[in-house]
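Student: Provided herewith is a single structure, encoded as structure tokens, for subsequent inquiry.
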Amino acid sequence: MVALARAEPTALDSTGASLTVENVSHAFDIDGAVLPVLDDVSFEARPGEFVALLGPSGCGKSTLLRLVAGLEPPRSGVLREDGNAIIGPFPSRVVVFQDPTLFPWRTVWHNVALGLEAQGILKAQRHRVDAAIELVGLSAFRNAYPHQLSGGMAQRVSLARALVNDPKILVLDEPLGKLDSLTRIAMQTEILSLWQRTGFTALLVTHDVEEAVFLANRVIVFSDRPARIKADIAVDRPYPRHRGDPYLADLRRNILGLLGLDATW
Amino acid sequence: MSTYSASKTVAIAQSAEEGAALSGRSLSLPVSFPSGGIGVFASLAWLAFGVSCLWWPDIGDWPRTSAIAAAAFVLSGIIFVATVAGSRLGRFDAGLQRRAPWLLALALFLTLWEVATAKFAWLPLPFFPPPQSIIEVYTDDLPKLLDSVLASVKLQLGGYAIGAAVGFLTGVSIGWSRGVGYWVHPVLRFIGPLPATAWLPIAFFTFPSSWSASTFLIALATGFPVTVLTWSGVASVSNAYYDVARTLGAKPSFLVLKVAIPAALPHVFVGLFMGLGSSFAVLVVAEMIGVKAGLGWYLQWAQGWAAYANMYAALIVMSLLCSGAITLLFRARDHLLVWQKGVVKW
């Protein structure tokens, strides 16, 4: 494992929470058979850090995110936010899923307002909804319905819907996985600037090694299912980063090697 | 026989055209002809209907013959003027243009009906009354007909509202809660598929009044499809929506009211439409058998007196009411499910 780089300030004004994953194991019951998906996973993300989780498809990364979100309890082990055990969903930890999953019966504005409405504070905080929509640059579409948006716009709305809650930990479950490559590059930059402006702790699951090394302070590489941590790599590079940076290209080659894909290089 | 009538109709149409040509307005006719062509034919067809009423003598005693002829002439004139005036009438003209083919078809149908019944009795009387005798029902038997309409609407509205509300609540409960589903599902399985009319004999002696019995039956006929479709709608809501709402801090009440119900609403409306259809059937049967009021009862009564014109008159009113109710429900759906426009084909 590579030691954490301490010198790099993660974000200007850190409001993120720390996330601790202690000896977490998880399994599913499928037709009576127990299918282990996470095997004694432990790591810690410092407040405001951007951590990318990489691993082969179906290795259990997304399951880990569901545990972080509190949507499911782990079979064993503990997850902590700022030292407090995570026992259920809470709006300080918001998930952006691979599909935008916007509610089709709500306009953009009302989709973004969802979190505040669910917490019963929408009436007093309407300006936060406007601000979040402004933040992702969709003010002109505030009254549009989801079916009128492109894939990239829909994912931006789902980002705004997460950010309006001022999350301390933003959980990104392959949020750009279904976008075309141009939109994906634009959105990567956008996510980065949102992270730098607001200072949340980010946990990103992705298949895209280039995306991981371009965005994250740290890349955690998982093994095949059941997922174990294979490597914890610091990306010691200041922002803004350059996609053609030879350091990042080297790192990318190393990580692909860890994933068993060095033959392609 | 049919060739004969066809040539007659053509002759009438020709004479009507000559009449129109003489009226002087025809000077502007070629100008508006391309857009209003069918309008002119519709006008002529209504003229033909009026003429067909007066040309031959009635073979029976129907006092409204000249009245409907006059009405046909007036309508013919209105259509003609409106067609010639064209776009100067704005939206009225656009509506007329759109309906002109139907106006034409309707007039042709009425002409044929008039000739086949009142003039030559090709269709046997009294089973096939002419148009004027049906008009006579609307003018002479209006109070009784209105009372029947009112009674039917009251019964239908009450039963449908109760059935829809109970069905919706039951559907949401069994879709949401396993416990409720465990108890209600088998009951629904057992009772639901039974036609509501099968309850008729029991309902009429267990309920204190025939009105409450009919309300119960209509509610039952409405409630079953609404329950089943609401239930399946709630049960088919994607878990992803619940996950999103839960991570954003939603409590269970929010998940039901703001996630499950809006997502299930398209299904609910399918149930409401199905319920409306089956409740009409129950309404008419209940009125024919138990309740001594309403359009179903009126139909029964008219048949008893061999008043066939009254039957047709009541049938037309009934069909207008039913299609009006469906239209209202469509409007409500369009209003509530405006977000579906562009997602699904309407």
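Quick mapping for you: the protein sequence lines, in order, are chains A and B.
Position in the first sequence counted from 1, then plus 772, gives you the working numbering.
Position in the second sequence counted from 1, then plus 2, gives you the working numbering.
All C-beta atoms in this analysis are idealised placements derived from N, C-alpha and C, irrespective of residue type, glycine included.
Just so we're clear, the structure is a prediction, and the values are computed from it rather than from any experiment.
(1) Check for me: the alpha helix (DSSP H) holding residue 808 of chain A runs from which residue to which?
(2) The beta strand (DSSP E) that contains residue 990 of chain A, what's its start and end?
(3) What's the C-alpha gap between residue 138 of chain B and residue 205 of chain B?
(4) From residue 1026 of chain A to residue 791 of chain A, what distance separates their C-alpha atoms?
(5) Taking the beta carbon of residue 912 of chain A as the centre, do at least 16 other beta carbons fall within 10 Å, making it buried, or is it exposed?
(6) Determine, for residue 201 of chain B, whether the minimum Cβ-Cβ distance to residues of chain A falls below 8 Å.
(7) Rounding to the nearest angstrom, what Cα-Cα distance links residue 225 of chain B and residue 104 of chain B in this structure?
(8) Out of B/199, B/282, B/312, B/89, which one is the CA nearest neighbour of residue 325 of chain B?
(9) Output needed for residue 1019 of chain A: all residues of its chain with C-beta closer than 7 Å, excluding positions within five of it in sequence on either side, in chain order.
(10) Mind checking which residues open and close the alpha helix (DSSP H) that includes residue 248 of chain B?
(11) Could you tell me which chain A residues have their CB closer than 7 Å to the CB of residue 195 of chain B, listed as they occur along the chain?
(12) Pick helix, strand or coil for residue 339 of chain B, following the three-state DSSP scheme.
(13) Report the rounded CA-to-CA distance for residue 110 of chain B versus residue 55 of chain B, giving the unit in angstroms.
(14) Closer than 7 Å by C-beta to residue 870 of chain A: which residues in its own chain qualify, once you throw out the five before and the five after it? Chain order, please.
(15) Look up residue 773 of chain A in the DSSP assignment and say whether it is helix, strand or coil.
(16) Determine, using beta-carbon pairs with one atom in the region 805–813 of chain A and one in the region 990–1001 of chain A, whether at least three such pairs fall under 8 Å.
(17) Apart from the five residues on each side of it in sequence, which residues of its chain come closer than 6 Å, Cβ to Cβ, to residue 914 of chain A?
(18) Among B/230, B/131, B/258, which one has its Cα closest to the Cα of residue 241 of chain B?
(19) Residues in its own chain within less than 6 Å of residue 31 of chain B by CB, not counting five upstream and five downstream?
(20) Quick one: which residues of the region 232–263 of chain B get their C-beta closer than 8 Å to a C-beta of chain A? List them in chain order.
(21) Enumerate, from N- to C-terminal direction, the unbroken alpha helix (DSSP H) stretches of 4 or more residues contained entirely within the region 86–139 of chain B.
(22) If we cut at 8 Å on Cβ distances, does residue 178 of chain B have a partner in chain C?
(23) Indicate whether at least one CB of chain A lies closer than 8 Å to the CB of residue 64 of chain B.
(24) Give me the chain B residues within the contact set of residue 887 of chain A, using Cβ-Cβ distance strictly less than 7 Å, ordered along the chain.
(25) Mind checking if residue 6 of chain B is an interface residue toward chain A, Cβ cutoff 8 Å exclusive?
(26) If the cut-off is 7 Å on Cβ atoms, which residues from the region 867–895 of chain A count as contacting chain B, listed in chain order?
(27) Is residue 998 of chain A close to chain B? Criterion is C-beta to C-beta, closer than 8 Å.
Tutor: By the coordinates alone:
(1) Annotation: residue 808 of chain A is outside any alpha helix (DSSP H); the continuous beta strand (DSSP E) that includes it extends over 805–817.
(2) That run of the beta strand (DSSP E) goes 990–994.
(3) CA-CA distance, residue 138 of chain B to residue 205 of chain B, rounds to 37 Å.
(4) Residue 791 of chain A has its alpha-carbon roughly 26 Å from the corresponding atom of residue 1026 of chain A.
(5) Exposed, by the Cβ-count rule.
(6) So, not an interface residue.
(7) Straight-line measurement puts the Cα of residue 104 of chain B at about 37 Å from the Cα of residue 225 of chain B.
(8) The shortest C-alpha separation from residue 325 of chain B is found at B/282.
(9) Correct list, in chain order: 1009.
(10) 241–249 is the extent of the alpha helix (DSSP H) around residue 248 of chain B.
(11) Within chain A, no residue comes near residue 195 of chain B; the closest Cβ sits about 31 Å away, beyond 7 Å.
(12) Residue 339 of chain B: coil per DSSP, three-state reduction.
(13) Their Cα atoms are separated by approximately 13 Å.
(14) Once the five neighbours on either side are set aside, the close Cβ partners of residue 870 of chain A are 945, 946, 947, 949, 950.
(15) Note that residue 773 of chain A has pLDDT 37, beneath the 50 cutoff, so the model's placement of it is unreliable and the number below is only indicative. DSSP places residue 773 of chain A in coil when its eight states are reduced to three.
(16) Touching, per the Cβ criterion.
(17) Contacts found: 880, 881, 905.
(18) With distances taken between Cα atoms, residue 241 of chain B lies closest to B/258.
(19) Note that residue 31 of chain B scores a pLDDT of 43, beneath 50, so its modelled location is shaky and nothing firm can be said.
(20) Listed by position, the residues of the region 232–263 of chain B near chain A (Cβ gap below 8 Å) are 240, 242, 243, 245, 246, 247, 248, 249, 250, 251, 252, 253, 256, 260, 261.
(21) For the region 86–139 of chain B, whole alpha helix (DSSP H) runs of length 4 or above, ordered along the chain, are 93–116.
(22) Chain labels in this structure do not include chain C; the protein chains are A and B.
(23) Closer than 8 Å: no.
(24) Taking a Cβ-Cβ threshold of 7 Å, the residues of chain B close to residue 887 of chain A are 250, 251, in chain order.
(25) Since pLDDT at residue 6 of chain B reaches only 41, below the 50 mark, its modelled position is unreliable, and the value read off the structure follows with that caveat. Not one chain A Cβ lies under 8 Å of residue 6 of chain B.
(26) The residues in question are 867, 869, 871, 873, 875, 876, 877, 886, 887, 890, 891.
(27) With a threshold of 8 Å between beta carbons, residue 998 of chain A makes no contact with chain B.
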